[in-house]
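> For reference, the structure I am asking about is given below.
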Amino acid sequence: MNEIITISQAMINNTEVNAVNARDLHEVLESDTKFSDWIKRRLDETDAILNADYMIVSQKRETITEYGKKASIITEYILTTDIAKEIAMMERNEKGKQVRRYFIEVEKAYKRDKVTVSQLDYMQIQLNYLKEQDRKIHELENRTDEIHKEQLKAKHNINRILNNDNYMTLIAYMNLYGISQKGYHIPSLGKKAKKMSDEQGAFMGAVIDPRYGRINTYSVEILRQIFNIA
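Residue numbers are given in the numbering used here: position 202 of the sequence shown equals residue 202, and the series is strictly consecutive.
In structure tokens form, the structure reads like this:
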């Protein structure tokens with residue numbers, strides 16, 4: 001599509017719109033009427049609203065004459081493409097039709113590009129969301145794996161500690177050191193060993209006895225304190 005007239009972006013009533021310079025439109029339409037008279041009449045005929053359909057901009061322009069520089073104020077009319085299209089229709093000639101069709105094609109292309117950009121923006125948002133969810137899933141999987149490893153490590157350490165010679169039942173400890181059970185109430189000693197283990201943060205384990213079932217094991221250090229063995 002060949003450019004017939006320059007279309008640019010302008011802020012009219014705080015809204016960005018497609019716009020054209022009225023002087024450019026006057027030139028493209030090849031109107032014989034003086035520009036200042038033509039634009040005022042066309043704006044009146046189309047019921048155009050200032051700062052909605054068009055805006056007025058005053059520009060200082062300098063020209064070189066034989067007497068030097070001469071400054072003058074030029075009034076420019078910036079038209080929305082909608083009102084420019086209506087003005088083109090009012091020319092009622094082939095040039096006006098051509099300009100009107102051009103505006104319509106530009107609008108179609110603009111809307112098509114806008115939709116495409118909107119779709120791309122939406123797809124990008126969805127892609128970013130999926131990436132973030134994937135990152136969170138991987139992070140959670142890594143944390144879960146680390147927790148599982150720590151649990152296995154702790155379980156291994158506990159088993160290693162509780163299944164070595166540093167942990168014994170009360171009876172086994174007494175037999176090892178030749179301590180007679182006479183004068184001792186074993187259940188009371190067990191409660192004392194458990195209390196001391198809790199207070200000192202010592203682990204307790206257990207063994208399964210065929211006759212008595214589950215029997216607690218205690219740290220040798222705790223047992224040494226109970227029986228006052230140096």
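A virtual CB, placed ideally from N, CA and C, is assigned to each residue, including glycine. Here the structure is a predicted model, which is why all the values come from computation and not from measurement.
Excluding the 5 residues flanking Thr-80 on each side, which residues of the same chain have their C-beta closer than 6 angstroms to its C-beta?
Counting only Cβ-Cβ distances below 6 angstroms, and skipping sequence neighbours, we find Val-17, Ala-19 and Asp-53.
> Excluding the five sequence neighbours on either side, which residues of its own chain have a C-beta within less than 7 angstroms of the C-beta of Thr-217, listed in chain order?
Correct list, in chain order: Leu-162, Tyr-167, Met-168, Thr-169, Met-204, Gly-205, Ala-206 and Val-207.
> Return the CA-CA distance between Tyr-102 and Ile-4, expressed in angstroms with no decimal places.
Each residue's Cα considered, the two are about 7 angstroms apart.
> Return the Cβ separation of Lys-192 and Ile-171 in integer angstroms, given the expectation that the two are a contact with Cβ distance under 8 angstroms.
About 15 angstroms separates the two Cβ atoms, so there is no contact after all.
> Taking only the alpha-carbon atoms, compute the straight-line gap between Asp-82 and Asn-13 and give it to the nearest angstrom.
Cα to Cα, Asp-82 sits roughly 15 angstroms from Asn-13.
> Evaluate Ala-71 with the Cβ neighbour count: other Cβ atoms within 10 Å of its Cβ, from every protein chain shown; 16 or more gives buried, anything less gives exposed.
Result: exposed.
> Do Arg-23 and Glu-76 have their C-beta atoms within less than 8 angstroms of each other?
Yes, they are a contact pair.
> Which class does Ala-230 belong to by DSSP, given the choice of helix, strand or coil?
Low local confidence applies: a pLDDT of 49 at Ala-230 is under 50, so the model's placement there is unreliable, with the coordinate-based value given in what follows. It is coil, neither helix nor strand.
> Rank Ser-8, His-185, Leu-223 and Arg-42 by C-alpha distance to the C-alpha of Tyr-110 and give the top, closest one.
It is Ser-8 whose Cα lies nearest to the Cα of Tyr-110.
> Does the distance from the C-beta atom of Ile-267 to that of Ser-58 stay below 8 angstroms?
Residue coverage of the chain in this structure runs from 1 to 230, which leaves residue 267 outside it and unanswerable.
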